[in-house]
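Numbering (the numbering used here) for the sequence shown: 141 to 560. Heads up, the beta-carbon is just placed ideally off N, CA and C, and yes, glycines get one too.
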Amino acid sequence: MRLGYPRSRQSADPELVVPSGMTVRDLLNEATAGLFARPSRTVLTVFGTVIGLASLVATLGLSRTAGNQIVGRFDELAATEIIVSPKPAATTNTTTEAMPWDAPARLGRLNGVAAAGNLSTLDVGGRLVAASAVSDPQNQTAFKLTISAVSPGLFRAVRAVLRTGTTIDPIQSTRGERVAVLGPNAATRLGITRVDQLPAIRIGDDVYLVIGILDSVARQPDLLGAVIIPEGTAQRYYRLTHPGLVVVETNIGAASLIAKQVPLALRPDNPRSLKIVSPPEPKRVRDAVQNDLNLLFLILGGVSLLVGAIGIANVTLVSVIERTGEIGLRRALGASRRHVAQQFLLESTTVGVVGGVLGASLGILVVVVVSAYQQWTPVLDPLAPFLAPLVGGLTGLVAGTYPALRAARLQPVEALRSGT
Numbered sequence: 141m142r143l144g145y146p147r148s149r150q151s152a153d154p155e156l157v158v159p160s161g162m163t164v165r166d167l168l169n170e171a172t173a174g175l176f177a178r179p180s181r182t183v184l185t186v187f188g189t190v191i192g193l194a195s196l197v198a199t200l201g202l203s204r205t206a207g208n209q210i211v212g213r214f215d216e217l218a219a220t221e222i223i224v225s226p227k228p229a230a231t232t233n234t235t236t237e238a239m240p241w242d243a244p245a246r247l248g249r250l251n252g253v254a255a256a257g258n259l260s261t262l263d264v265g266g267r268l269v270a271a272s273a274v275s276d277p278q279n280q281t282a283f284k285l286t287i288s289a290v291s292p293g294l295f296r297a298v299r300a301v302l303r304t305g306t307t308i309d310p311i312q313s314t315r316g317e318r319v320a321v322l323g324p325n326a327a328t329r330l331g332i333t334r335v336d337q338l339p340a341i342r343i344g345d346d347v348y349l350v351i352g353i354l355d356s357v358a359r360q361p362d363l364l365g366a367v368i369i370p371e372g373t374a375q376r377y378y379r380l381t382h383p384g385l386v387v388v389e390t391n392i393g394a395a396s397l398i399a400k401q402v403p404l405a406l407r408p409d410n411p412r413s414l415k416i417v418s419p420p421e422p423k424r425v426r427d428a429v430q431n432d433l434n435l436l437f438l439i440l441g442g443v444s445l446l447v448g449a450i451g452i453a454n455v456t457l458v459s460v461i462e463r464t465g466e467i468g469l470r471r472a473l474g475a476s477r478r479h480v481a482q483q484f485l486l487e488s489t490t491v492g493v494v495g496g497v498l499g500a501s502l503g504i505l506v507v508v509v510v511s512a513y514q515q516w517t518p519v520l521d522p523l524a525p526f527l528a529p530l531v532g533g534l535t536g537l538v539a540g541t542y543p544a545l546r547a548a549r550l551q552p553v554e555a556l557r558s559g560t
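The following block contains the structure:
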C-alpha cells in the first residue's frame with residue numbers, strides 16, 4: 141500500500157501530498173489480517189451465518205421433499221377415486237332405475253378401473269342396533285348406528301383393512317343372508333372384539349351374524365362407525381331400489397378418462413342423470429401444495445437468515461469500535477475513506493460467503509438425513525448449493541454497510557484520540 145508523503149519544500153508543485161493508493165492485493169491482505177486477528181469472534185460470526193443459510197437451504201429442501209410426499213399420497217389415494225351418484229332429478233324417474241345394480245361389473249370392464257363397489261345408506265327408521273340377539277325391552281346397550289348396504293367389491297374400492305374375520309362375499313349378497321361386518325367404532329360401541337365365537341347383533345327385531353370387523357378404510361370414513369350388510373339383503377328386507385352411489389378406484393392417471401366414460405357405461409340412455417365427482421387435476425393440486433409449502437418454509441428460512449445478518453452487522457460494528465485507533469492511524473498515514481470502507485465491507489462479505497458455503501453443505505446434509513430417517517426421497521433444488529454462497533455474500537455486504545460507512549466517517553484526529 142502506497143501512502144501519502146510530503147514533497148520537497150523546493151518543489152514548485154502546489155500539492156503537498158501524493159494521493160494514497162491501495163491495490164486489490166493490499167485490500168485482501170488487510171481484510172485477511174483483520175479477520176484472523178480475532179479468530180474466535182470470526183468463527184462465531186461465521187457460525188451465525190452458517191445457521192441462517194443452513195436453515196434456508198434445509199427448509200427449502202424439506203418443503204420440496206414434503207411437498208413431493210404429499211402429492212405422491214394424493215396421487216395414490218385422492219387422485220384415483222371417483223364417486224358416482226344419481227342426480228336429485230333422476231331419483232324421480234319411475235320407468236328406469238337411477239343406477240343399475242350391476243354398475244361395479246360394468247365399470248370393471250373399463251380399462252383403468254382397479255375396483256368398484258356400490259354403497260347405500262339405509263333408512264331403518266327408529267330401529268336400534270344391539271349386541272344381544274334376544275330382544276329385551278330393558279336392554280340399555282342398544283344404539284342408533286348407521287346401516288350401510290354394500291356390494292362385495294366395495295371393500296377393495298375403499299381399501300378396507302380387516303381386523304378379524306372376513307368380508308361379505310357375492311354368494312351372501314345374492315342369497316340375501318343376514319350377515320354383517322362392523323366398522324371399528326361400531327364394534328367398540330357394541331362391545332364386540334372377535335368373531336370366532338359367532339357373535340350376533342340385532343337391528344330392530346332382525347338378527348345378523350357378525351362375520352368380520354374392519355380395522356380401517358382409506359375412503360368413505362362413515363363406514364368406520366357403520367353396520368355393513370350385503371346389498372342383496374337390503375333389497376330383500378329393506379326394499380332398497382337402487383344403489384345410493386358407486387365408489388370407483390382407478391389406476392393412477394386414468395381418473396379423468398374414466399370419469400368421462402362412466403356415464404355412458406352406466407346410463408347410455410341418459411348419461412346426464414348421473415353426478416360424477418372426480419379428483420381435481422393433480423398438477424394444479426401439486427403446484428398449490430408446493431407453493432404453500434415453499435412460502436411457509438421460505439419465511440422461516442428468511443427469519444433465520446435475518447438473524448445471521450444481524451449477527452454480522454453487530455460483530456462488524458463492534459469491530460469498528462474496537463479498531464477506532466487503528467482506523468485513525470490509517471487515515472493519518474494517508475488511507476482514504478473509501479479504503480477503510482472497502483476493508484470492512486470485504487471482511488463482512490467474506491464472512492457471509494464462507495457462511496454460505498458451510499451453510500449450504502449443512503443444509504443439504506440435514507435434508508438427506510431427515511429424508512433417510514422418514515424413508516422419503518430427498519428433493520433438492522440444484523441451484524441451492526450455488527446460490528447459498530451468493531446469498532451469504534450479499535447478506536454480509538448489506539450487513540456490513542452501516543459499520544463500514546461509520547468507520548469511513550471517522551475523523552483521523554478524533555479516532556486517534558479515542559483509540560489511545
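Confirm, please, whether the CB-CB distance from residue j to residue i is below 8 Å.
i, j, result
"V290", "S356", "no"
"V335", "I351", "yes"
"V114", "Y348", "In this structure the chain extends from 141 to 560, so residue 114 is not present and cannot be described."
"A524", "L200", "yes"
"A271", "V506", "no"
"S413", "I222", "no"
"S225", "K400", "no"
"V321", "T307", "yes"
"T535", "T205", "no"
"T333", "A327", "yes"
"E389", "A255", "yes"
Using the C-alpha atoms, what's the distance from residue j back to residue i?
i, j, result
"A453", "A547", "13 Å"
"V402", "L247", "7 Å"
"R549", "V491", "23 Å"
"D345", "Q209", "49 Å"
"G384", "A238", "9 Å"
"L268", "E317", "20 Å"
"L469", "R165", "20 Å"
"V197", "D362", "42 Å"
"T235", "R407", "Bear in mind that the predicted position of T235 carries a pLDDT of just 41, short of 50, making it unreliable; the figure below should be weighed with that in mind. Whole-angstrom Cα-Cα distance: 13 Å."
"T456", "G540", "6 Å"
"I467", "I439", "38 Å"
"R471", "V186", "28 Å"
"L520", "I287", "49 Å"
"P577", "N431", "Residue numbering for the chain in the displayed model covers 141 to 560; residue 577 lies beyond these limits and cannot be assessed."
"N258", "T517", "37 Å"
"Y378", "Q360", "22 Å"
"V494", "Q514", "30 Å"
"V509", "G192", "18 Å"
"G323", "P411", "34 Å"
"L168", "L446", "27 Å"
"L338", "A366", "19 Å"
"G202", "T172", "The residue asked about is misnamed: residue 202 is Leu in this sequence, not Gly. Using only the alpha carbons, I get a separation of about 36 Å."
"L330", "R249", "39 Å"
"L184", "G252", "59 Å"
"G451", "A512", "32 Å"
"D409", "I343", "38 Å"
Using C-beta distances below 7 Å, list every residue in its chain close to residue i, excluding the 5 sequence neighbours before and after it, in chain order.
i, result
"A374", "S260, L262, A289 and L380"
"A395", "A219, T220, I222, S418 and P419"
"V460", "F484, P543, R546 and A547"
"P552", "G468, R471 and A472"
"L404", "P411"
"G305", "V335, I351, G352 and I353"
Considering only residues of the same chain and omitting the five flanking positions on each side of residue i, which have a CB-CB separation below 8 Å?
i, result
"A481", "A544, L545, A547 and A548"
"L537", "L485, S488, T489 and G492"
"T560", "Confidence at T560 is low in this model, with a pLDDT of 49, below 50, so the placement of that residue is unreliable and no value is reported for it."
"G442", "L196"
"R478", "A548"
Any beta-carbon of chain D closer than 8 Å to the one on residue i?
i, result
"N325", "Considering every chain present, this structure includes no chain D. It has just one protein chain."
When every heavy atom of the ligand GTP is checked, does at least one fall within less than 7 Å of the C-beta of residue i?
i, result
"P522", "Absent from the structure shown: the ligand GTP. Ligands present: none."
Between which residues of its own chain and residue i is the CB-CB distance below 6 Å, once the five residues before and five after are set aside?
i, result
"N233", "At N233, the pLDDT of 47 sits below 50, so the modelled position is not reliable; the number obtained from the coordinates is stated separately. Nothing meets the Cβ criterion."
"L285", "V269, A326 and V367"
Would you say the segment 492-502 touches the segment 523-530, given that touching needs at least three Cβ pairs under 8 Å?
yes
Kindly provide the ranges of any alpha helix (DSSP H) runs that are 4 or more residues long and lie completely inside the segment 466-537, ordered along the chain.
477-514
Curious, which full-length alpha helix (DSSP H) runs of at least 4 residues does the segment 269-322 contain?
Restricting attention to alpha helix (DSSP H) runs no shorter than 4 residues, the segment 269-322 encloses them at 294-297 and 310-315, ordered along the chain.
Length-filtered (3 minimum) beta strand (DSSP E) runs lying within the segment 346-374:
346-356 and 366-370
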